[in-house]
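Residue numbering for the sequence shown follows our numbering, beginning at 264 and increasing consecutively.
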Amino acid sequence: MTVPTTTLARLKRPLRYLMGGLYVLAGITHFRAPDTYERIVPPQFPAPRTLVYLSGVAEILLGVGVLFERTRRESAFGLIALLVAVFPANVYMATSDDVELGAVPDEYRDLSNLALWARLPLQAVLVAWAWWYTDE
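Below, the structure written as C-alpha coordinates:
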(Lines of atoms letter the chains of each structure in order from A; the text may use other names.)
(Lines give C-alpha, C1' and ligand atoms only; values in the text may rest on other atoms or scores of the structure.)
Protein backbone atom coordinates (compact mmCIF):
# COMPACT_ATOMS: atom_id res chain seq x y z
CA MET A 264 0.00 0.00 0.00
CA THR A 265 1.35 3.42 -0.90
CA VAL A 266 1.00 6.38 1.36
CA PRO A 267 -0.48 9.39 -0.43
CA THR A 268 1.90 12.30 -0.66
CA THR A 269 0.31 15.60 0.17
CA THR A 270 1.21 18.79 -1.61
CA LEU A 271 2.70 20.12 1.61
CA ALA A 272 4.89 17.04 2.01
CA ARG A 273 6.12 17.44 -1.57
CA LEU A 274 7.00 21.06 -0.84
CA LYS A 275 8.93 20.28 2.34
CA ARG A 276 12.28 19.84 0.61
CA PRO A 277 12.13 22.92 -1.68
CA LEU A 278 10.81 25.01 1.22
CA ARG A 279 13.79 23.85 3.29
CA TYR A 280 16.14 25.19 0.59
CA LEU A 281 14.18 28.43 0.49
CA MET A 282 14.33 28.79 4.26
CA GLY A 283 18.04 28.04 4.40
CA GLY A 284 18.76 30.51 1.62
CA LEU A 285 16.68 33.25 3.23
CA TYR A 286 18.50 32.87 6.53
CA VAL A 287 21.90 32.93 4.81
CA LEU A 288 20.94 36.10 2.91
CA ALA A 289 19.54 37.70 6.05
CA GLY A 290 22.72 36.82 7.92
CA ILE A 291 24.87 38.39 5.22
CA THR A 292 22.90 41.64 5.46
CA HIS A 293 23.90 41.87 9.13
CA PHE A 294 27.46 42.42 7.89
CA ARG A 295 26.61 44.56 4.88
CA ALA A 296 24.32 46.96 6.78
CA PRO A 297 25.06 46.55 10.50
CA ASP A 298 23.89 50.09 11.34
CA THR A 299 20.37 49.21 10.23
CA TYR A 300 20.24 46.23 12.57
CA GLU A 301 22.02 48.02 15.39
CA ARG A 302 19.24 50.64 15.50
CA ILE A 303 16.64 47.98 16.35
CA VAL A 304 18.53 46.43 19.26
CA PRO A 305 16.66 47.49 22.41
CA PRO A 306 18.73 49.91 24.52
CA GLN A 307 18.68 47.49 27.49
CA PHE A 308 20.87 45.06 25.54
CA PRO A 309 24.65 45.56 25.77
CA ALA A 310 27.01 45.76 22.80
CA PRO A 311 24.47 46.13 19.99
CA ARG A 312 27.03 45.80 17.17
CA THR A 313 28.34 42.57 18.65
CA LEU A 314 24.79 41.22 18.92
CA VAL A 315 24.14 42.14 15.30
CA TYR A 316 27.24 40.27 14.16
CA LEU A 317 26.51 37.26 16.38
CA SER A 318 22.95 37.00 15.09
CA GLY A 319 24.25 37.34 11.53
CA VAL A 320 26.73 34.50 12.06
CA ALA A 321 23.97 32.40 13.63
CA GLU A 322 21.62 33.01 10.70
CA ILE A 323 24.30 32.02 8.18
CA LEU A 324 25.44 28.89 10.04
CA LEU A 325 21.93 27.72 10.91
CA GLY A 326 20.63 28.52 7.42
CA VAL A 327 23.35 26.33 5.94
CA GLY A 328 22.96 23.71 8.66
CA VAL A 329 19.27 23.17 7.98
CA LEU A 330 20.13 22.11 4.42
CA PHE A 331 22.09 19.04 5.47
CA GLU A 332 20.56 15.92 6.97
CA ARG A 333 23.32 15.51 9.53
CA THR A 334 22.78 18.98 11.04
CA ARG A 335 19.17 19.67 10.06
CA ARG A 336 17.44 18.88 13.35
CA GLU A 337 19.90 20.80 15.53
CA SER A 338 19.93 23.72 13.12
CA ALA A 339 16.13 23.87 13.09
CA PHE A 340 16.11 24.02 16.89
CA GLY A 341 18.83 26.67 16.68
CA LEU A 342 16.69 28.74 14.32
CA ILE A 343 13.80 28.51 16.76
CA ALA A 344 16.06 29.71 19.59
CA LEU A 345 17.35 32.53 17.38
CA LEU A 346 13.82 33.63 16.48
CA VAL A 347 12.94 33.75 20.18
CA ALA A 348 16.17 35.63 20.96
CA VAL A 349 15.58 38.36 18.36
CA PHE A 350 11.89 38.79 19.18
CA PRO A 351 12.60 41.66 21.62
CA ALA A 352 14.17 43.58 18.73
CA ASN A 353 11.01 43.07 16.68
CA VAL A 354 8.86 44.30 19.57
CA TYR A 355 11.16 47.28 20.08
CA MET A 356 10.98 48.09 16.37
CA ALA A 357 7.17 48.07 16.44
CA THR A 358 6.67 49.92 19.71
CA SER A 359 9.48 52.45 19.96
CA ASP A 360 9.41 55.94 18.56
CA ASP A 361 13.20 55.89 18.85
CA VAL A 362 13.63 53.45 15.97
CA GLU A 363 14.48 55.43 12.86
CA LEU A 364 12.61 54.23 9.79
CA GLY A 365 15.44 55.55 7.67
CA ALA A 366 14.70 56.22 4.04
CA VAL A 367 11.00 55.39 4.20
CA PRO A 368 9.15 58.30 2.52
CA ASP A 369 6.55 60.03 4.69
CA GLU A 370 3.66 58.80 2.54
CA TYR A 371 4.65 55.19 3.32
CA ARG A 372 5.29 55.58 7.06
CA ASP A 373 1.88 54.20 8.08
CA LEU A 374 2.34 51.18 5.83
CA SER A 375 5.84 50.68 7.22
CA ASN A 376 4.52 50.84 10.79
CA LEU A 377 1.83 48.31 9.89
CA ALA A 378 4.52 45.99 8.51
CA LEU A 379 6.46 46.27 11.78
CA TRP A 380 3.39 45.16 13.73
CA ALA A 381 2.62 42.40 11.22
CA ARG A 382 6.12 41.05 11.73
CA LEU A 383 5.33 40.10 15.33
CA PRO A 384 2.88 37.26 14.51
CA LEU A 385 5.04 36.37 11.51
CA GLN A 386 7.66 35.21 14.03
CA ALA A 387 5.28 32.41 15.05
CA VAL A 388 5.01 31.33 11.41
CA LEU A 389 8.80 31.30 11.12
CA VAL A 390 9.07 29.24 14.32
CA ALA A 391 6.51 26.75 12.96
CA TRP A 392 8.40 26.56 9.67
CA ALA A 393 11.65 25.73 11.47
CA TRP A 394 9.83 23.30 13.78
CA TRP A 395 8.72 21.36 10.70
CA TYR A 396 12.35 20.30 10.21
CA THR A 397 13.01 19.17 13.80
CA ASP A 398 11.65 15.68 13.09
CA GLU A 399 14.16 14.86 10.36
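We put the CB at the ideal spot given by N, CA and C, even for glycine.
Note that this is a predicted model, so its numbers are computed, not measured.
#1: If LEU346 sits next to ARG279, beta carbons under 8 Å apart, how far is it from one beta carbon to the other, in whole angstroms?
#2: Apart from the five residues just before and just after LEU342, which ones in its own chain have a Cβ nearer than 6 Å to its Cβ?
#3: Put TYR396 into one of helix, strand or coil per three-state DSSP.
#4: What is the rounded straight-line gap between the Cα of THR292 and the Cα of GLY319?
#5: Mapping the DSSP letters down to three states, classify ASP360 as helix, strand or coil.
#6: If you measure between the beta carbons of GLY328 and GLU322, is that distance less than 8 Å?
#7: Within this structure, are the beta carbons of PRO277 and PRO305 separated by less than 8 Å?
#8: Please name the residue in VAL349, ASP360 and ASP361 whose C-alpha comes closest to that of ALA387.
#9: For ARG382, which residues in the same chain have their Cβ closer than 8 Å to its Cβ, ignoring the five residues on either side in sequence?
Short version:
#1: Contact flag wrong, Cβ pair sits at about 16 Å.
#2: LEU325 and ALA393
#3: coil
#4: 8 Å
#5: coil
#6: no
#7: no
#8: VAL349
#9: ASN353, MET356 and ALA357
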